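K.L.:
Top line first, the protein sequences correspond to chains A and B. In this text, residue positions in the first sequence follow this note's numbering: the first is 259, and each later residue adds one. In this text, residue positions in the second sequence follow this note's numbering: the first is 1484, and each later residue adds one. Heads up, the beta-carbon is just placed ideally off N, CA and C, and yes, glycines get one too. Because the structure is a prediction, the values reported are computed rather than measured.
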Amino acid sequence: MPLTTRRHLLSATALVAFSSSALARSVSGRLPWSPNEAYPPEIVRPGGWLFLRPEEVATLDAIVSRLIPADDLSPSGKDAGCTVFIDRQLAGPWGSYDWYYMQGPFAEKPLPQQGIQSPLTPQQQYRKGLAALSTHCRDAFGGKTFDQLAAEDQDKLLTAMEKGEVQLPGLTAPQLTTTMLFNLILQNTMEGFFADPIYGGNKDMVGWKLINFPGTRYDFRDVLANPGKPYTKPPVSILGRPDWNGKPA
Amino acid sequence: MSRLPKKDVVIVGLGWTGSIMAHELAMAGLDVVAIERGPWRDTATDYNIGTAPDELRYAVRQDIFLRPAQDTQTARNSLDQVALPIRKYGSYLPGNGVGGAGVHWNGHTWRFFPSDFNLRSHYIERYGKDIIPENCTVQDWPVSYDELEPHYDFFEKVCGISGKAGNIKGVIQPGGNPFEGWRSDEYPTKPLKPNLSQTMFAKAATELGMHPFPLPSGNISEAYTNPYGVRMAPCTYCGFCEWFGCANYSKASPQACVLPALMRQSNFEARTLCEVTKINTTPDGKMATGVTYVDADGREWEQPAELVLLCAYAIFNVRLLMLSNIGTQYDPVSNTGTLGRNYAYQTNAGSVGYFSKDVNFNPFAGAGSLGMMADDFNGDNFDHTGLGFIGGANINCTTTNGRPISNRPVPPGTPRWGAEWKKATADTYGHVQSVGTQGSSMAYRDVYLDLDPTYKDRLGRPLMRMTFDFKENDLKMSRYVVDQTAKIARAMGANHVSVNYKKGPWSVVPYQTTHNTGGAVMSSTPQDGVVNRYTQHWDVPNLFVSGACLFPQNAGYNPTGTVGALTYWALDAIKNKYLKNPGQALVQA
Chain A
259 MPLTTRRHLL SATALVAFSS SALARSVSGR LPWSPNEAYP PEIVRPGGWL
309 FLRPEEVATL DAIVSRLIPA DDLSPSGKDA GCTVFIDRQL AGPWGSYDWY
359 YMQGPFAEKP LPQQGIQSPL TPQQQYRKGL AALSTHCRDA FGGKTFDQLA
409 AEDQDKLLTA MEKGEVQLPG LTAPQLTTTM LFNLILQNTM EGFFADPIYG
459 GNKDMVGWKL INFPGTRYDF RDVLANPGKP YTKPPVSILG RPDWNGKPA
Chain B
1484 MSRLPKKDVV IVGLGWTGSI MAHELAMAGL DVVAIERGPW RDTATDYNIG
1534 TAPDELRYAV RQDIFLRPAQ DTQTARNSLD QVALPIRKYG SYLPGNGVGG
1584 AGVHWNGHTW RFFPSDFNLR SHYIERYGKD IIPENCTVQD WPVSYDELEP
1634 HYDFFEKVCG ISGKAGNIKG VIQPGGNPFE GWRSDEYPTK PLKPNLSQTM
1684 FAKAATELGM HPFPLPSGNI SEAYTNPYGV RMAPCTYCGF CEWFGCANYS
1734 KASPQACVLP ALMRQSNFEA RTLCEVTKIN TTPDGKMATG VTYVDADGRE
1784 WEQPAELVLL CAYAIFNVRL LMLSNIGTQY DPVSNTGTLG RNYAYQTNAG
1834 SVGYFSKDVN FNPFAGAGSL GMMADDFNGD NFDHTGLGFI GGANINCTTT
1884 NGRPISNRPV PPGTPRWGAE WKKATADTYG HVQSVGTQGS SMAYRDVYLD
1934 LDPTYKDRLG RPLMRMTFDF KENDLKMSRY VVDQTAKIAR AMGANHVSVN
1984 YKKGPWSVVP YQTTHNTGGA VMSSTPQDGV VNRYTQHWDV PNLFVSGACL
2034 FPQNAGYNPT GTVGALTYWA LDAIKNKYLK NPGQALVQA
């Protein structure tokens, strides 16, 4: 694996700048360059869950498939890998807000323009929020879980969460409201659908094909030579393209 | 604490200004050390072409930016609010590591107008003193455009800026910006190629009587060798520019333009992952003796030096002065002190045009500075009589990217999810073009920087507190220019135009711009600012300050061109005046 100590050093720079792995150094007389040194992201492989529990996976599979339903334009959020993406993001540094400022005191009545002021990390928000959704569904739908609801009822409930018309039990401002939970899941679902497939979502670049985004080609001088002409080349990801690996595009 | 051998020069921060200062002073034979709190970064390893185009990692999770866990600010809109920490950077994104924000900028490289440098007296002379709003603390710069012109020119040559001159030695040039200050020379490289939207904008703006011209770009159009002998390559319009490092050596940055030459000099040393905690002074506070820093293992070091250059990002320069007790903290109530005074930002807004499906903008084929501009409503290029505001904004039509996590527009009123959202997304992507404005931000008595009374960084030092809001003068200016953008978008043939005026209160959440200015402004007298016209501290003559913190107020332009020009202006004074008589004030207070 190319995960050299310097990669760890870089990713750890801000947060644990004082751990022994993050070594200060002196550079003089040359550019400190070593061959074959680069810092690719770790490739997400589907299979197993790093953070989510089985009942949370079932709920999220159902949610992401309503946020991005399967139709002629694309597969569903679930089939695009959005739940896998969310699981791996929650298991990484973002899931515990490692890079954010998380020192107290946490204000009881922050202003909306002051941004995130909750002490809860995404891991805690998902765990608490999905449990509250589960309790709500059990009470409101005769013991059913979210994924057991009809698609129409799922949409109605999601709409109510988005608009703050339903209050899931135990969710309160400023830590986590029902709308905050909805917005977090929506944001992460869209990230998964449109991020590079290396992170576990956007399987087969379905999100990019939806809008004809060509991905990581990095050289579009051909487009600038023909402004306004529809672009027809298929997308490329950090991992390349399926047909480069002997699979159909 | 361990005391290190004395150096001629210690530089705090190794971004644009730090690397330029280091290179020029090392070439002049001085023994120079730069202390940088982030990691070493270089193109081949950190912005490798195989991994650089990663929207999630860089633009969304903010991998290369300063992390708030290391340092952040608290924010409030007014004196009666309680400031709270910016827990996730949003409105602006400070850089981190070698290269600083010069790594991830868009590359818009402007010169301010000559009248920006004598802003207050210019407006009063033309319109009378009543045009200056109440509690607006704008002031003239202590340096003129004519004095800075050669330094603008050299910075543009170091960067290889692509553009078309509009005024060479007073002669207006076709195709350039007729409103710009005189230039001694053409741009180093020709303009970038326009995409469809730039061509449509140029036609529409011309029909409306405006004067379109290509955006002066730090993403360069052709192969180029700069005055330091460093070679750059042509931009490939990859669409991963702002918030990313450039893998092509095409975007002007310390890495692409300065470091390869700087690092050859054996009398220069960079120390990375070392954070300066204090500028040390003599007991009487009249001379700097060096800096104290902590390394990544938490060990504390003292680095003595003859000359201290403060070259971190604007707000961090201001904070380090505060933490070092150098200068007098500004107090908006008593209206005393200068440090933290005249903080300003930028007033950006615009219109969005939605076009037919047969209009293919191909937004993914873009560059940070690929754009057409019009300056007809910037600065004082238009008559302000009766308008009720000072200042202006540039008008821009740029194609920077089509990265889909953040940039997939849908018509107003479209649901945010579900089948209807998906269809609208597929139908709209690639057929939308914004016409934006980048507006000036004036200085006001109750907009300022100081140290927060409650929140601390990981070393236990107070965070900086930012008290800022958009004021009516700037909002009125912005509305006026945004109305012009809507006219252009309609003239370009948009089926629908959304007009998005700037509104308060200022929020830390959505990205607006990393153009934080002021707080350690340069001034004609010690009563009006922190440093003199040569960027030398009024109280401590062997301390010089760089960056946009020097601006008395912000213009309708990105700051980097002016930051670069000020750096070479200061270097000229350091090399040719200060070093001949070290330790002396260059301007008598």
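1. For a quick check, are the C-beta atoms of residue 1481(B) and residue 1691(B) less than 7 angstroms apart?
2. Relative to chain B, which residues along the segment 328-342 of chain A have a C-beta separation below 8 angstroms, given in chain order?
3. By the three-class DSSP mapping on this structure, what secondary structure does residue 1603(B) have?
4. With DSSP as the reference, label residue 1800(B) as helix, strand or coil.
5. Can you tell me whether residue 1694(B) is helix, strand or coil according to DSSP?
6. Starting from residue 452(A), find everything on chain B with Cβ-Cβ shorter than 8 angstroms and list it in chain order.
7. Under 7 angstroms, Cβ to Cβ, is there at least one residue of chain A near residue 1912(B)?
8. Cβ of residue 1603(B) within 7 angstroms of Cβ of residue 1623(B)?
9. Is the shortest distance between the beta-carbon of residue 301(A) and the beta-carbons of chain B less than 7 angstroms?
10. Please confirm whether residue 1549(B) and residue 2052(B) have their CB atoms less than 7 angstroms apart.
11. In chain order, what residues of the same chain have a beta carbon less than 8 angstroms from the beta carbon of residue 317(A), not counting five sequence neighbours either side?
12. CB residue 1929(B) to CB residue 1562(B), shorter than 7 angstroms?
13. Between residue 2034(B) and residue 2000(B), is the Cβ-Cβ spacing less than 7 angstroms?
14. In its own chain, which residues sit with a C-beta less than 6 angstroms from the C-beta of residue 1700(B), not counting the 5 before and 5 after it?
15. Three or more C-beta pairs under 8 angstroms: does that hold for the segment 1488-1504 of chain B against the segment 1715-1730 of chain B?
16. If residue 588(A) sits next to residue 343(A), beta carbons under 8 angstroms apart, how far is it from one beta carbon to the other, in whole angstroms?
17. Taking 7 angstroms as the limit between beta carbons, can you name the residues of its chain near residue 1642(B), skipping five residues before and five after?
18. Can you pull the chain B neighbours of residue 560(A), defined as C-beta to C-beta under 9 angstroms?
19. Express the C-alpha separation of residue 1615(B) and residue 1607(B) in angstroms, rounding to a whole number.
20. Is the CB of residue 1679(B) under 7 angstroms away from at least one CB in chain A?
21. Touching or not, the segment 459-477 of chain A and the segment 1716-1725 of chain B, by the rule of three or more beta carbon pairs under 8 angstroms?
22. Within its chain, find whatever has a CB closer than 8 angstroms to the CB of residue 1959(B); leave out the 5 residues flanking it on each side and keep chain order.
23. Taking Cβ-Cβ distances below 7 angstroms as the criterion, which residues of the segment 1838-1866 of chain B are in contact with chain A?
24. How long is the line joining the alpha carbons of residue 1845(B) and residue 1551(B), rounded to whole angstroms?
25. Terminal residues of the continuous alpha helix (DSSP H) containing residue 445(A)?
26. Taking the C-alpha atoms as reference points, what is the distance between residue 1926(B) and residue 1584(B)?
27. Using 8 angstroms as the Cβ pair cut-off and three pairs as the minimum, do the segment 279-296 of chain A and the segment 1520-1536 of chain B touch?
28. Which residue wins for smallest C-alpha separation from residue 311(A), given the options 479(A), 422(A), 382(A) and 464(A)?
29. Per the DSSP calculation, residue 1790(B) is bridged to which residue(s)?
30. Just mark residue 324(A) as buried or exposed, buried being the case when its beta carbon has 16 or more other beta carbons within 10 Å.
31. Find the nearest neighbour of residue 351(A) within the set 305(A), 448(A) and 309(A), judged by alpha-carbon distance.
32. Using beta carbons (cut-off 7 angstroms, strictly below), is residue 346(A) in contact with chain B?
33. If residue 1864(B) and residue 1875(B) are in contact, beta carbons under 8 angstroms, what's the gap, nearest whole angstrom?
34. Look up residue 2067(B) in the DSSP assignment and say whether it is helix, strand or coil.
P.N.:
With the given structure in hand:
1. With chain B represented from 1484 up to 2072, any question about residue 1481(B) goes unanswered, as that position is not in the structure.
2. 329, 331 and 332
3. Start at 1 with the first residue of the second sequence, and residue 1603(B) comes out as number 120. DSSP places residue 1603(B) in helix when its eight states are reduced to three.
4. On the second sequence, position 317 is the one that residue 1800(B) refers to. Residue state, collapsed to three classes: helix.
5. Translated into the one-based positions of the second sequence, residue 1694(B) becomes position 211. If DSSP states are grouped into helix, strand and coil, residue 1694(B) belongs with coil.
6. The count along the first sequence starts at 1 and reaches residue 452(A) at position 194. What residue 452(A) touches in chain B: 1538, 1887, 1888 and 1891.
7. Position 429 of the second sequence holds residue 1912(B). Yes, its Cβ sits closer than 7 angstroms to a Cβ of chain A.
8. In the second sequence, counting from the first residue as 1, residue 1603(B) sits at position 120. In the second sequence, counting from the first residue as 1, residue 1623(B) sits at position 140. A contact, by the Cβ cut-off of 7 angstroms.
9. Locating residue 301(A) in the first sequence gives position 43, where the first residue counts as 1. By this cut-off, residue 301(A) is not an interface position.
10. Counting from 1 along the second sequence, the entry for residue 1549(B) is found at position 66. Counting from 1 along the second sequence, the entry for residue 2052(B) is found at position 569. For residue 1549(B) and residue 2052(B), no; Cβs fall outside 7 angstroms.
11. In the first sequence, residue 317(A) corresponds to position 59, counting from 1. For residue 317(A), where only same-chain residues beyond five positions count, the Cβ hits under 8 angstroms are 388, 391, 392, 403, 404 and 405.
12. Taking the second sequence and counting its residues from 1, one reaches residue 1929(B) at position 446. Taking the second sequence and counting its residues from 1, one reaches residue 1562(B) at position 79. Cβ atoms of residue 1929(B) and residue 1562(B): closer than 7 angstroms.
13. If you number the second sequence from 1, residue 2034(B) lands on position 551. If you number the second sequence from 1, residue 2000(B) lands on position 517. In this structure, residue 2000(B) lies closer than 7 angstroms to residue 2034(B) by Cβ.
14. On the second sequence, residue 1700(B) is found 217 positions in, with the first residue counted as 1. Excluding residues within five positions, the ones whose Cβ falls inside 6 angstroms are 1590, 1645, 1675 and 1852.
15. no
16. Absent from the structure is residue 588(A), since the part of chain A shown begins at 259 and ends at 507.
17. The residue given as residue 1642(B) occupies position 159 in the second sequence. Result list for residue 1642(B): 1592, 1701, 1735 and 1740, in chain order.
18. With chain A covering only 259 through 507, there is no way to say anything about residue 560(A).
19. For the purposes of this step, residue 1607(B) is identified with residue 124 of the second sequence, where counting begins at 1. For the purposes of this step, residue 1615(B) is identified with residue 132 of the second sequence, where counting begins at 1. Their Cα atoms are separated by approximately 8 angstroms.
20. Here the question's residue 1679(B) lines up with position 196 in the second sequence. By this cut-off, residue 1679(B) is an interface position.
21. yes
22. Indexing the second sequence from 1 puts residue 1959(B) at position 476. Same-chain partners within the cutoff: 1870, 1871 and 1872.
23. 1843, 1845, 1847 and 1848
24. Translated into positions along the second sequence, residue 1845(B) becomes position 362. Translated into positions along the second sequence, residue 1551(B) becomes position 68. Distance between the alpha carbons of residue 1845(B) and residue 1551(B) is about 35 angstroms.
25. In the first sequence, counting from the first residue as 1, residue 445(A) sits at position 187. Counting along the chain, the alpha helix (DSSP H) containing residue 445(A) begins and ends at 436-452.
26. As a working note, residue 1926(B) is residue 443 in the second sequence. As a working note, residue 1584(B) is residue 101 in the second sequence. Spanning the two alpha carbons is a distance of roughly 23 angstroms.
27. yes
28. In the first sequence, counting from the first residue as 1, residue 311(A) sits at position 53. Per the Cα distances, 382(A).
29. Counted from its first residue, the second sequence places residue 1790(B) at position 307. Residue 1790(B) is bridged to 1492(B).
30. Stepping through the first sequence from its first residue, residue 324(A) is reached at position 66. Result: buried.
31. Here residue 351(A) corresponds to residue number 93 of the first sequence, with the count starting at 1. The residue with the shortest Cα to Cα distance from residue 351(A) is 309(A).
32. Within the first sequence, residue 346(A) is the residue found at index 88, counting from 1. Output row for residue 346(A): interface = no.
33. Here residue 1864(B) is taken as the residue at index 381 of the second sequence, counted from 1. Here residue 1875(B) is taken as the residue at index 392 of the second sequence, counted from 1. Contact holds; Cβ gap of about 7 angstroms.
34. Start at 1 with the first residue of the second sequence, and residue 2067(B) comes out as number 584. In the structure shown, residue 2067(B) sits in coil (DSSP, three-state: anything other than H, G, I, E or B).
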